[in-house]
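Colleague: First the structure, then my questions, so here it is.
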Amino acid sequence: MTSAVSLQKVSRHFGLVRAMDEVDLDVAPGEFFAMLGPSGSGKTTCLRLIAGFEQPTSGRIQIFGDAVEGIPPYRRNVNTVFQDYALFPHMNVRDNVAFSLMLKKLPKVLRIKAAEEALELVRLGGYGDRRPGQLSGGQRQRVALARAIVNKPKVLLLDEPLGALDLKLRESMQEELKALQKTLGITFIFVTHDQGEALSMADRVAVFNEGRVQQIGTPEEIYKRPQSRFVADFVGSSNVLDPEFVYWIVGEKRWASLRPEAIHVMAAGQSASRMTGTIISKSYLGPVIRLMIDLNGTKLHASVPSNDAVPAEGEKVTLGFAKDALHLMEATS
Ligand code: ATP
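Letter 52 of the sequence shown, counting from 1, is numbered 52 in the numbering used here, and no numbers are missing.
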């Protein structure tokens, strides 16, 4: 099957800065694909290369099988939703949405019809006469979406589109975006530095670091089976265990990850486990309590349901976990 977007060994260098370094990516048609990584890891550069706002230093980019080198953004079958929405403040919502259709010289009745349809899709039917300044942040975000989908692009690129919204609105917009993507059936490529957002929304996630893709996989693969220390640490703040420690537990000298929620914390002496440590801090996070436990100098995070009885700071505890919860990663010589 032809990929919606395919990058083959794509690099983009700015002087000595390797913003992207030999990135290979294939996004399937209809996929909700997230590019996740810390600030400066190259996600936005990657999105801009697909959109056509940047040109690669080397490598090949294809959109639905067509090479797009040298093709300007407006002639690619993609549209971008920017973080700041970039709406025209002096135009009403309908004209904002219809703007690109005007550039394409579509007759006015058809422009208005298409704009109204796009506004209905983002649940803003009836808001066409307002100016952007008369809308809430979430509504402005939806106008930006309507403006992007009015062209019926094959690929929609979203650069941290929920970044400006507060947590509650962010969560409801995450659900709306996912529902919209299902309705439209078009490919979404989404940039975020928020791991929770990437895991909850995407079909697959590419984790970026320092211009390179560290791992591509389903949210479950990325979360449960990280291939590197970076991914384990960045996605969901896992415990990354050093090879000496792992050797002590399982007799293999490998780096390993252990999710905080996979650790059982018991009062000392309640099990035969030799992993006994001391609680050095305890934070209440609502549904769970997060503990930091010192185990012979190794600090481990554990996350336990807040309904459980949890020993106090300074107390000794015994730790246990299922053998398959320890995920072995890179070997060391
Ligand atoms: P953020 O989450 O902060 O937006 P990002 O992962 O999207 O970060 P990019 O914006 O792609 O990262 O930047 C990757 C690297 O390339 C950074 O070191 C950045 O400073 C550099 N960079 C990006 N654009 C340019 C440019 N036009 N000129 C010089 N360096 C650039």
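Note that CB positions come from ideal geometry on N, CA and C, so glycine has one too.
Owing to the predicted nature of the structure, the values given are computational and were not obtained by experimental measurement.
1) Residues in the same chain with beta-carbon distance under 6 Å from F82, minus the five sequence neighbours each way, listed in chain order, please.
2) Would the C-beta of A19 count as close to ligand 1, meaning under 7 Å from any of its heavy atoms?
3) Can you list, in chain order, the residues of its chain whose CB lies under 7 Å from that of P311, leaving out five sequence neighbours each side?
4) Say the cut is 7 Å; is the CB of F14 nearer than that to a heavy atom of ligand 1?
5) Mind checking whether F188 and Q181 have CB atoms under 8 Å apart?
6) For the pair the region 50 to 64 and the region 1 to 17, tell me if three or more CB-CB distances fall below 8 Å.
7) Start and end of the beta strand (DSSP E) containing L258?
8) Mind reading off the beta-carbon distance from P38 to N209? Whole number of angstroms is fine, and I expect it under 8 Å.
9) Is F230 near ligand 1, with its Cβ less than 7 Å from a heavy atom?
10) Check whether the Cβ atoms of F32 and M201 sit closer than 8 Å, and answer yes or no.
11) Tell whether a beta-carbon distance below 8 Å holds between I263 and L319.
12) Which term fits Y74, buried or exposed, when burial requires 16 or more other beta carbons within 10 angstroms of its beta carbon?
13) Return the CA-CA distance between S257 and G297, expressed in angstroms with no decimal places.
14) Here's the rule I'm using: 16 or more other beta-carbon atoms within 10 Å means buried, otherwise exposed. How should T45 be labelled?
15) On the three-state DSSP scale, how would you describe I61?
16) DSSP three-state call for L162: helix, strand or coil?
17) Extract the residue ranges of the beta strand (DSSP E) inside the region 47 to 122, only unbroken runs of 3 or more that lie entirely within it.
18) Ligand 1 and F208: does the residue's C-beta get closer than 7 Å to at least one heavy atom of that ligand?
19) Spatial neighbours of N92 within its chain, please: C-beta separation below 8 Å, excluding the five flanking residues on both sides.
20) Pick helix, strand or coil for Q227, following the three-state DSSP scheme.
21) Answer with buried or exposed for Q55, where buried requires no fewer than 16 other C-beta atoms within 10 angstroms of its C-beta.
22) With P305 as the anchor, note down where its alpha helix (DSSP H) starts and where it stops.
23) Measuring from the CB of K43, is there a heavy atom of ligand 1 at a distance below 7 Å?
24) Taking 7 Å as the line, does the beta carbon of S11 fall inside it for any heavy atom of ligand 1?
Modeller: Straight from the coordinates:
1) Within the sequence shown, the letter at position 82 stands for residue 82. Excluding sequence neighbours, F82 sits near D159.
2) Sequence index remark: in the sequence shown, residue 19 carries index 19 (1-based). Yes, the Cβ of A19 comes within 7 Å of a heavy atom of ligand 1.
3) Start at 1 with the first residue of the sequence shown, and residue 311 comes out as number 311. Once the five neighbours on either side are set aside, the close Cβ partners of P311 are A267, I279 and V317.
4) As a working note, residue 14 is residue 14 in the sequence shown. Yes.
5) Numbered from 1 along the sequence shown, position 188 holds the residue referred to as residue 188. Numbered from 1 along the sequence shown, position 181 holds the residue referred to as residue 181. Yes. Within cutoff.
6) yes
7) Position 258 of the sequence shown, counted from the start, is the residue given in the question as residue 258. Segment R254 to L258, the beta strand (DSSP E) holding L258.
8) Residue numbering aside, residue 38 sits at position 38 when the sequence shown is read from its first letter. Residue numbering aside, residue 209 sits at position 209 when the sequence shown is read from its first letter. About 7 Å separates the two Cβ atoms, so the contact holds.
9) As a first step, residue 230 is located in the sequence shown; it is residue number 230 there, counting from the start. Checking the Cβ of F230 against ligand 1 gives no.
10) For the purposes of this step, residue 32 is identified with residue 32 of the sequence shown, where counting begins at 1. For the purposes of this step, residue 201 is identified with residue 201 of the sequence shown, where counting begins at 1. Taking 8 Å as the Cβ cut-off, F32 and M201 qualify as a contacting pair.
11) To locate residue 263, count along the sequence shown from 1; it is residue 263. To locate residue 319, count along the sequence shown from 1; it is residue 319. In this structure, L319 lies closer than 8 Å to I263 by Cβ.
12) As a working mapping, residue 74 is identified with position 74 in the sequence shown. Flag for Y74 reads exposed.
13) Position 257 of the sequence shown, counted from the start, is the residue given in the question as residue 257. Position 297 of the sequence shown, counted from the start, is the residue given in the question as residue 297. Their Cα atoms are separated by approximately 17 Å.
14) For the purposes of this step, residue 45 is identified with residue 45 of the sequence shown, where counting begins at 1. Result: buried.
15) Translated into positions along the sequence shown, residue 61 becomes position 61. Here I61 sits in strand by DSSP.
16) For the purposes of this step, residue 162 is identified with residue 162 of the sequence shown, where counting begins at 1. Coil, per DSSP.
17) 58 to 63 and 78 to 81
18) Taking the sequence shown and counting its residues from 1, one reaches residue 208 at position 208. True, at least one ligand heavy atom lies under 7 Å from that Cβ.
19) Here residue 92 refers to the residue found at position 92 of the sequence shown. So the list reads G128, D129, R130 and R131, once near-sequence residues are dropped.
20) Position 227 of the sequence shown holds residue 227. Residue state, collapsed to three classes: coil.
21) As a first step, residue 55 must be located in the sequence shown, where it is residue number 55. Q55 is exposed by the Cβ-count criterion.
22) If you number the sequence shown from 1, residue 305 lands on position 305. Per DSSP, P305 belongs to no alpha helix (DSSP H); it is in the beta strand (DSSP E), T298 to P305.
23) In the sequence shown, residue 43 corresponds to position 43, counting from 1. Yes - ligand 1 has a heavy atom lying nearer than 7 Å to the Cβ of K43.
24) Against the sequence shown, residue 11 aligns to sequence position 11. Incorrect: S11 has no Cβ contact closer than 7 Å to ligand 1.
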